[in-house]
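Enquirer:
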Amino acid sequence: MFNMIIAGVGGQGSILASHIFADAAIRTSVTNGDNDIKVRVGETFGAAMRGGSVASHIKIGSDVYSPLVPEDKADVILGLEPLEKLRVGVSYIAPGGIVIMNIRKCKSVDVKTGQAEYPSISDIIDSFKKLNANVITLDATEIAIKAGTAKAMNVVMLGALAACQKNLVPRKILEGVIKDRVPPKTIEVNLKAFELGFNKVSEDLRR
Amino acid sequence: MNVVASSRINEKVLLMGNEAIARGAIEAGVEVITAYPGTPSSEIVETLAEIANDFEYYVEWSINEKIAFEIAAGASLIGARSLVAMKNAGLNVAMDTFMTLPYTGIKGGMVIVVADDPGAHYSSNEQDTRLAALYAEIPCLEPANQQEAKEMTKEAFELSETLELPIFLRSVTRLSHASGDVILREIKKQSKKIGFNKHWKIPYRWNVYGPPGAVSKHRWLHLQMEKSKNIVEESKFNTFTLPINTNIGIVASGLGASYAAEAISELGLKEKLAFIKLGFANPLPEEKLRKILKGLKKLIVIEEGDPVIERQIRSFAQDTFTEVEIFGKERKQILNPYGELNVDCVAEGISKAIGLQVKENQKRSNIKKEIQKMISHRSSTLCAGCPHLGTYWAVKKALQDRKGVHIVNGDIGCYEQGGYGVFSHKINPTDDNSKTYSISSPCEILDTLYVMGSGIGMAMGQSQAGYKDGKILAVAGDSTFFHATLPAVVNAVYTQADITYLVLDNSWTCMTGHQPSPTTGRGTTGEKVKVIDIPKITEAIGITCIKVVDPYNIEESIQAIQEAIDFKGPSVVILQRECALQVQRREKYKNPQTFIDRDKCTGCKKCLSFGCPAITFDSKNKVAGIDSLLCVDCGLCNQICSFGAIALKKGNNYV
């Protein structure tokens, strides 16, 4: 069984990213003839259209039934936003799990008005290390801007994920689903974003 | 192309629960589909509206759930297959017709889909509508996953026609809003057997008062439910895994069965205890359950919501010769009777019931507790450029100028975020006069908040009870105006209640995902329709003090609100401005022109208290800033700044 959570803030595209990955997992299982592989995506988001905490749970395997990842059982947490990553990660990351984190902060209105504090990136990384997780960081927003639009940050993160999970869902299948699921006019930018995210993490892992 | 409309049979695809229900309806040859938007149910009709051109069915966003229900029922009485979808609270609106329709039954298959919200993620309450299926005495199906959601929807039409009863399909947030693998099957052609027979099988079939009267029709309903008891005993949606050497059993329904299946395998109990998975759970397969009960010492009931099945099993266990102990949400409690389930709490509950020791890693939980301390709350906000931001700032200013403890009655919608937020920690709930805090942010304008339209009625109650300590207001959106407040406006005029009703008209039903409303000018499938004019309606009803303003103009909005609250008798202020997100979707917005003049900014943070997420603050240099990714140049913050530090460069689209 493979469990993953994508955490972010409303409007960042975490739900689309989770659907792309889950769809790719289904296509992979069909390609490999694994008929008992099941895929579930559970979504948690608040009432607001924008700006709230969002977490998508993705589960792939033969013994998968429910849409939510149990506590301490997430093999990977993909964080589109550092604080949201920590909020979800602290409860769900499995010991030895991988944490992939966009380091670009999205400050809440609570932090902006001085009612709350935003922890430092190094404190967030240390927290995951204390929970025995492996942390990979990247400025996915910056990379997405290089690819053509900050909005493709979620796809940069999918590229980063693909670089860590080469066996679960092949890169080719993921790219195929991206083509099918993003708005037609943005296919090129998104494929570029995916490649840049993939290359960045592949290089970091080689080092 | 939307995969829900796909003709690729036997293909395995990823579908959201709501999409799976939509697909099931198409596969069954559905002919009429209705709903009022309500999270987590909205995507059923949203999907069917999107692909409507590929099919022959009729689909509509109705004005409210009662009307949606009646349209589906009316279609069914003349033989059409119909589906009506709503959220938990929506059923309360449809309740009158819902309770009486089963007395006559229906003709064309009718499926009532209700999406409950355990955990109250998007709802005012956690009501378990399976109780409504019991109340109305109709069969209820509970899917455990997306594949079943599709199969059950399809099967429900057949079942409905066999029993001549509407069928209740109960979904929950974690099913409707979760996705899973679903295998597509053939799409059935519509039967098109439409016709009317006043005395179909029973005299005065479609008239509950018609001879021999309502009691006789109630008796007929009971006979039909007896028939459904036979069907449920053989239903493929109920599965029984019964190992020989066990005296422990689990009965789990709907999504609860999915959590239970995972918990069982996690605890290493697979094939070691009896596992009864119920999908067709009203009526219960009582005969089979009775037999199983006799061999058990312990029975654990797992269901999402109230202990509906647990109570029924306990009730018939009484007259079954058994010493079984029943664990669930009451008496031998292993699960909370509130909140939602997950694998962890279900595994813990099962362990507790059968006396398994659960290992807890104390060191890891301590580390987690430490880390949790640094995770600050992320309050939800209105969007950048949201017209409600302007409205709430104007309400706040208008009321601050008038002495007293004013009451603002709220409503459900995006604007409900005017009722809670980042400043709520200042409130002391033990204070007798708890409204002593001043209105200091757009996040604490609303004082009461219950359900759609309830604020207007409550405002009238406050007025008629003689409240004189301050002004009495109520807010509601344009979609709510039509859904739930028209009779209230008539009532206010008829009784001359001294209240002010603010209609926050942003032309869409936004919070549920931007469905069209009668103010949009678009119909369900995007066709052009006439806008229904709220000012003219209020005038026709007899409101004499009506103000129409643009909430992007704060001064004018304050003035309009003050004139309305100073007016004796019922008054209405309509604050009209289209949802900023919809404008952006249509007119791609680039490079906002709003900027902060760093020389003029004093760092007073007044603009931050306004609550727009596009306003940032550089605490090192003590100056405000504009987030260019979010800002839409609405021009609201520059009206708020006391130092003229926020300005617009030339060439913006809005002001």
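In order, the protein sequence lines correspond to chains A and B.
This note's numbering numbers the first residue of the first sequence as 1 and each following residue consecutively.
This note's numbering numbers the first residue of the second sequence as 1001 and each following residue consecutively.
Ideal Cβ positions, reconstructed from N, Cα and C, are used throughout, including at glycine.
Report the three-state DSSP secondary structure of valine 1144(B) (helix, strand or coil).
Expert: The residue you call residue 1144(B) lines up with position 144 of the second sequence. According to the sequence provided, residue 1144(B) is alanine. The question's valine does not apply to it. Coil at alanine 1144(B), not helix or strand.
Enquirer: From the DSSP output, in three-state form, read off glutamine 1318(B) for me.
Expert: Position 318 of the second sequence, counting from 1, holds the residue named residue 1318(B). In this structure, glutamine 1318(B) counts as coil in the three-state DSSP scheme.
Enquirer: Check the Cβ of glutamine 1372(B) against every Cβ in chain A and list those closer than 8 Å, keeping chain order.
Expert: Mapped onto the second sequence, residue 1372(B) falls at position 372. Correct list: Val90.
Enquirer: Of all Cβ atoms in chain B, is any one closer than 8 Å to the Cβ of threonine 113(A)?
Expert: Counted from its first residue, the first sequence places residue 113(A) at position 113. Closer than 8 Å to some Cβ of chain B, the Cβ of threonine 113(A) qualifies, so yes.
Enquirer: Measuring CA to CA, which of Glu1444(B), Ile1302(B), Ser1642(B) and Glu1234(B) is closest to isoleucine 1264(B)?
Expert: Sequence index remark: in the second sequence, residue 1264(B) carries index 264 (1-based). Nearest C-alpha to isoleucine 1264(B): Ile1302(B).
Enquirer: Could you give the residue range of the beta strand (DSSP E) that holds arginine 1331(B)?
Expert: Here the question's residue 1331(B) lines up with position 331 in the second sequence. Where arginine 1331(B) is concerned, there is no enclosing beta strand (DSSP E), given that its DSSP letter is neither H nor E.
Enquirer: Within a Cβ cutoff of 6 Å, which residues of the same chain sit near proline 1592(B), ignoring the five residues on either side of it in sequence?
Expert: The residue you call residue 1592(B) lines up with position 592 of the second sequence. The answer, listed in chain order, is Ser1628, Cys1631 and Asp1633.
Enquirer: Could you confirm whether any beta carbon from chain B is found closer than 8 Å to the beta carbon of proline 183(A)?
Expert: Counting from one through the first sequence, the residue named residue 183(A) turns up at place 183. Judged by the 8 Å Cβ criterion, proline 183(A) is not in contact with chain B.
Enquirer: Which runs of the alpha helix (DSSP H) at least 4 residues long sit entirely within the stretch 1552–1581 of chain B? Give them in chain order.
Expert: DSSP runs (the alpha helix (DSSP H)) wholly in the stretch 1552–1581 of chain B: 1554–1566.
Enquirer: Of all Cβ atoms in chain A, is any one closer than 8 Å to the Cβ of glutamate 1262(B)?
Expert: As a position in the second sequence, residue 1262(B) is number 262, starting the count at 1. Yes, contact with chain A.
Enquirer: Below 7 Å, is the gap between the Cβ of serine 1365(B) and the nearest heavy atom of the ligand COA?
Expert: The model depicted lacks the ligand COA and carries no ligand whatsoever.
Enquirer: With a cut-off of 8 Å, does the C-beta of serine 1216(B) fall near any C-beta of chain A?
Expert: Mapped onto the second sequence, residue 1216(B) falls at position 216. Chain A contact via Cβ: absent.
Enquirer: If the cut-off is 7 Å on Cβ atoms, which residues from the stretch 122–136 of chain A count as contacting chain B, listed in chain order?
Expert: Hits within the stretch, in order: Asp123, Ser127, Lys130 and Leu131.
Enquirer: Helix, strand or coil for glycine 1542(B)? Go by DSSP, reduced to three states.
Expert: The residue labelled residue 1542(B) in the question sits at position 542 within the second sequence. Three-state result, glycine 1542(B): coil.
Enquirer: Verify whether the separation of the beta carbon atoms of threonine 1519(B) and aspartate 1478(B) is less than 8 Å.
Expert: Along the second sequence, one-based indexing puts residue 1519(B) at 519. Along the second sequence, one-based indexing puts residue 1478(B) at 478. Yes, they are a contact pair.
Enquirer: Is the Cβ of valine 1094(B) closer than 8 Å to any Cβ of chain A?
Expert: Stepping through the second sequence from its first residue, residue 1094(B) is reached at position 94. Looking at the sequence provided, one finds alanine at residue 1094(B) rather than valine. Chain A contact via Cβ: absent.
Enquirer: Beta carbon of glycine 1453(B), beta carbon of alanine 1492(B): below 8 Å?
Expert: Within the second sequence, the letter at position 453 stands for residue 1453(B). Within the second sequence, the letter at position 492 stands for residue 1492(B). Not closer than 8 Å, so no.
Enquirer: If we count the other Cβ atoms within 10 Å of its Cβ and call it buried at 16 or more, is leucine 1242(B) buried or exposed?
Expert: Translated into positions along the second sequence, residue 1242(B) becomes position 242. With fewer than 16 other Cβ atoms within 10 Å, it is exposed.
Enquirer: Just to confirm the assignment: which complete alpha helix (DSSP H) runs, minimum length 4, are found wholly within the stretch 1444–1468 of chain B?
Expert: Entirely contained in the stretch 1444–1468 of chain B, the alpha helix (DSSP H) runs reaching 4 residues are, in chain order, 1454–1464.
Enquirer: From which residue to which residue does the beta strand (DSSP E) around glutamate 43(A) run?
Expert: By 1-based counting over the first sequence, the position of residue 43(A) is 43. That run of the beta strand (DSSP E) goes 38–45.
Enquirer: Taking the beta carbon of serine 1571(B) as the centre, do at least 16 other beta carbons fall within 10 Å, making it buried, or is it exposed?
Expert: The residue you call residue 1571(B) lines up with position 571 of the second sequence. Buried: at least 16 other Cβ atoms inside 10 Å.
Enquirer: Within 10 angstroms of the Cβ of glycine 1355(B), are there 16 or more other Cβ atoms? Answer buried if so, exposed if not.
Expert: Taking the first residue of the second sequence as 1, we reach residue 1355(B) at position 355. Burial call: exposed.
Enquirer: Please state whether the Cβ-Cβ distance between arginine 1402(B) and isoleucine 1554(B) is less than 8 Å.
Expert: Within the second sequence, numbered from 1, the residue matching residue 1402(B) stands at position 402. Within the second sequence, numbered from 1, the residue matching residue 1554(B) stands at position 554. Contact: no.
Enquirer: Valine 1013(B) versus chain A: which residues are under 9 Å apart at the beta carbon?
Expert: The residue given as residue 1013(B) occupies position 13 in the second sequence. By Cβ distance, chain A contributes Asp23 and Ile26.
Enquirer: In this structure, how does DSSP classify lysine 1150(B) when only helix, strand and coil are distinguished?
Expert: For the purposes of this step, residue 1150(B) is taken as residue 150 along the second sequence, with counting starting at 1. In this structure, lysine 1150(B) counts as helix in the three-state DSSP scheme.
Enquirer: Return the residue from the list Leu1131(B), Thr1129(B), Gln1464(B) and Arg1081(B) that minimises the CA-CA distance to valine 1110(B).
Expert: Reading the second sequence from its first residue, position 110 is the one you call residue 1110(B). Correcting the residue identity first, residue 1110(B) is methionine in this sequence and not valine. Nearest C-alpha to methionine 1110(B): Arg1081(B).
Enquirer: Taking the C-alpha atoms as reference points, what is the distance between asparagine 1125(B) and asparagine 1064(B)?
Expert: One-based indexing of the second sequence puts residue 1125(B) at position 125. One-based indexing of the second sequence puts residue 1064(B) at position 64. So the two alpha carbons sit approximately 19 Å from each other.
Enquirer: Among the residues of its own chain, which have a CB less than 7 Å from the CB of threonine 1104(B), if the five just before and after it don't count?
Expert: As a first step, residue 1104(B) must be located in the second sequence, where it is residue number 104. So the list reads Arg1205, Trp1206, Val1208 and Lys1217, once near-sequence residues are dropped.
Enquirer: On the CB-based measure, 16 or more other CB atoms within 10 Å of its CB, does aspartate 1319(B) come out buried or exposed?
Expert: By one-based count along the second sequence, residue 1319(B) stands at place 319. So aspartate 1319(B) ends up on the exposed side.
Enquirer: Taking buried to mean at least 16 other C-beta atoms within 10 Å of its own C-beta, is tyrosine 1437(B) buried or exposed?
Expert: In the second sequence, counting from the first residue as 1, residue 1437(B) sits at position 437. With a pLDDT of only 43 at tyrosine 1437(B), under the threshold of 50, the placement of this residue in the model should not be trusted, and no figure is reported.
Enquirer: Closer than 8 Å by C-beta to lysine 1471(B): which residues in its own chain qualify, once you throw out the five before and the five after it? Chain order, please.
Expert: Here residue 1471(B) refers to the residue found at position 471 when the second sequence is read from its first residue. Only Leu1399, Arg1402, Gly1404, His1406, Ile1407, Thr1500 and Ile1565 meet the Cβ criterion.
Enquirer: What are the boundary residues of the beta strand (DSSP E) that includes leucine 1636(B)?
Expert: Position 636 of the second sequence, counted from the start, is the residue given in the question as residue 1636(B). Premise fails: leucine 1636(B) is in no beta strand (DSSP E) and is neither H nor E.
Enquirer: Please list the partners that arginine 87(A) has in chain B, where partner means a Cβ-to-Cβ separation under 7 Å.
Expert: Translated into the one-based positions of the first sequence, residue 87(A) becomes position 87. Going along chain B in sequence order, the residues near arginine 87(A) (Cβ under 7 Å) are Ile1375.
Enquirer: What does a CB cutoff of less than 6 Å around leucine 1048(B) pick up in its chain, not counting 5 residues either side in sequence?
Expert: Residue 1048(B) sits at position 48 when you count from the first residue of the second sequence. Hits under 6 Å: Ala1022, Ile1033 and Val1059.
Enquirer: Below 8 Å on the Cβ atoms is my contact criterion, and I expect valine 88(A) with lysine 1012(B) to pass it. Report the Cβ-Cβ distance as a whole number of Å.
Expert: Numbered from its first residue, the first sequence carries residue 88(A) at position 88. Numbered from its first residue, the second sequence carries residue 1012(B) at position 12. About 29 Å; that fails the 8 Å criterion.
Enquirer: Quick check on lysine 1528(B): does DSSP put it in helix, strand or coil?
Expert: To locate residue 1528(B), count along the second sequence from 1; it is residue 528. Lysine 1528(B) falls in the strand class under three-state DSSP.
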